[in-house]
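Numbering that gives the first Met the number 0 applies: residue 0 is where the sequence shown begins, and numbers increase by one.
Yeah, the Cβ is synthetic: ideal placement off N, Cα and C, and Gly gets one too.
A quick note: this is a predicted structure, and the numbers were derived from the prediction, not measured.
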Amino acid sequence: MLFNLDDFFEGVTDEECNGTIDYKISQLLIDTLDAMSRVSGESLYVINYLSRGFLYVSQNPLFLNGYLREDVLKMGYSFYEKNLPQEDIDMLLEINKKGFAFFYQQPIEDRLKFTISYDFRLLQKNKSTTMINHKLTPILLTPKGNIWLALCSVMLSTEKKSGNVYINKSGVLHRLRYSFEGKRWRSTEVVSLSKIENVILKLSAQGLSNKQIAETIYLNINTIKFHKKNIYQKLNVKNITEAIVFAHNNYII
């Protein structure tokens with residue numbers, strides 16, 4: 000399948016707008032995102048849907064995938080063509096189409112409250128792949144309520160396969176999962192941990208061993224191991240490192 004830039008914008012509502020943003024506002028946004036990327040270590044970028052390119056790309060190397068920031072900014076959406084397997088590009092096209100259809104069904108006053116999350120592979124120069132988790136949320140709408148700018152966050156994923164598409168709404172305890180088989184969104188409960196499981200996971204993220212966690216919260220070390228086993232089962236992961244990444248990517252901690 001040949002790459003067609005227009006395919007990435009199928010479902011985007013067109014609007015007569017020149018797509019330019021006031022320079023002072025634009026520079027403030029860029030400076031703020033640079034600061035956010037420095038303190039969080041996250042890879043961030045901003046899509047301008049009206050100009051069909053990237054307004055901003057952070058210096059974090061994960062999304063840059065070996066390129067300079069300036070190169071990725073110039074490439075824009077062609078970055079995906081150069082750095083994703085074809086089947087993942089096809090998946091993104093389907094996600095975009097279904098995601099925009101859902102977005103434009105929502106009341107305008109709610110449209111900035113949604114985040115879509117999914118996993119896909121980045122191709123490395125040695126032909127290996129890195130699975131990443133990609134989140135996208137609108138940050139600026141046009142006067143008619145159409146999507147103008149969207150902030151994207153890229154992190155490592157613990158998933159083994161691409162997909163895992165979810166839509167979350169701020170302040171809502173359930174989320175929607177996209178079914179590629181059924182071509183529809185299905186409501187699903189957000190995974191939750193008990194209070195003690197949450198504490199143990201946070202202490203583990205700080206680098207504490209089972210013994211140190213037990214001493215910190217005054218529990219037996221076997222009790223800590225028991226709770227960790229429950230955490231792995233709930234999050235469907237194999238170890239504490241995967242649990243921490245999954246919990247971070249899915250708003251659990």
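Thinking residue i and residue j are a contact (beta carbons under 8 Å), I'd like their distance in whole angstroms, please.
i: V282; j: R176; result: Here the chain covers residues 0 to 252 and nothing more, so residue 282 does not appear.
i: F101; j: I166; result: 7 Å
i: I239; j: K224; result: With a Cβ gap of about 11 Å, I239 and K224 do not count as contacting.
i: L148; j: I46; result: 7 Å
i: K126; j: G65; result: Not a contact, Cβ separation roughly 13 Å.
Tell me which same chain residues have a C-beta within less than 7 Å of the C-beta of residue i, skipping the five on either side of it?
i: S161; result: D87, M90, D118, F119 and R120
i: G98; result: I115
i: I216; result: V198
i: N163; result: Y117 and D118
i: I195; result: H226
i: Y236; result: Residue identity check: residue 236 is Val in the sequence provided, not Tyr. Only T157, A242 and F245 meet the Cβ criterion.
i: M35; result: L43
i: E214; result: none
i: L139; result: W147 and L148
i: S186; result: H173 and L175
i: I29; result: Y55
Within the same chain, show all residues whose beta-carbon is closer than 6 Å to that of residue i, passing over the 5 residues directly before and after it, in chain order.
i: I146; result: Y48 and P137
i: K134; result: T114, S116 and S152
i: P37; result: The amino acid at residue 37 is misidentified as Pro; the sequence shows Arg. Answer for R37: no residue qualifies.
i: E180; result: none
Please name the residue, chosen from the options, that lies closest to residue i on a Cα-to-Cα basis.
i: L192; options: M130, T222, C151 and I251; result: I251
i: S42; options: K23, A100, L63 and I29; result: L63
i: N59; options: I243, Y44 and R183; result: Y44
i: E93; options: A204, H247, K227 and F7; result: F7
i: I129; options: V153, I107 and L148; result: Rather than Ile, the amino acid found at residue 129 in this sequence is Thr. It is V153 whose Cα lies nearest to the Cα of T129.
i: R51; options: H133, G75, K233 and E180; result: G75
i: K182; options: N95, D33 and Q85; result: N95
i: K81; options: L27, L61, S203 and L122; result: L122
i: Y103; options: T141, L61 and T187; result: T141
How long is the line joining the alpha carbons of residue i and residue j, rounded to whole angstroms?
i: W184; j: S178; result: 6 Å
i: S57; j: K112; result: 23 Å
i: V244; j: R110; result: 27 Å
i: Q105; j: T31; result: 28 Å
i: L54; j: S208; result: 43 Å
i: K143; j: N248; result: 32 Å
i: S169; j: N132; result: 19 Å
i: L83; j: L218; result: 46 Å
i: G206; j: G40; result: 18 Å
i: R68; j: Q26; result: 16 Å
i: K233; j: K73; result: 42 Å
i: L61; j: V71; result: 12 Å
i: E108; j: D33; result: 28 Å
i: Y79; j: T222; result: 46 Å
i: D21; j: L155; result: 33 Å
Cutting at 8 Å between CB atoms, please list the residues of its own chain near residue i, excluding the five before and the five after it.
i: K210; result: I220
i: K201; result: I252
i: K258; result: Only positions 0 to 252 of the chain appear in this structure, which leaves residue 258 out of reach.
i: S203; result: I212, K227, I239, A242 and I243
Can you tell me whether residue i sits near the ligand GDP, meaning its C-beta is under 6 Å from at least one heavy atom of the ligand?
i: Q232; result: Inclusion of the ligand GDP in the displayed structure is not the case, the ligand content being empty and no account of it being possible.
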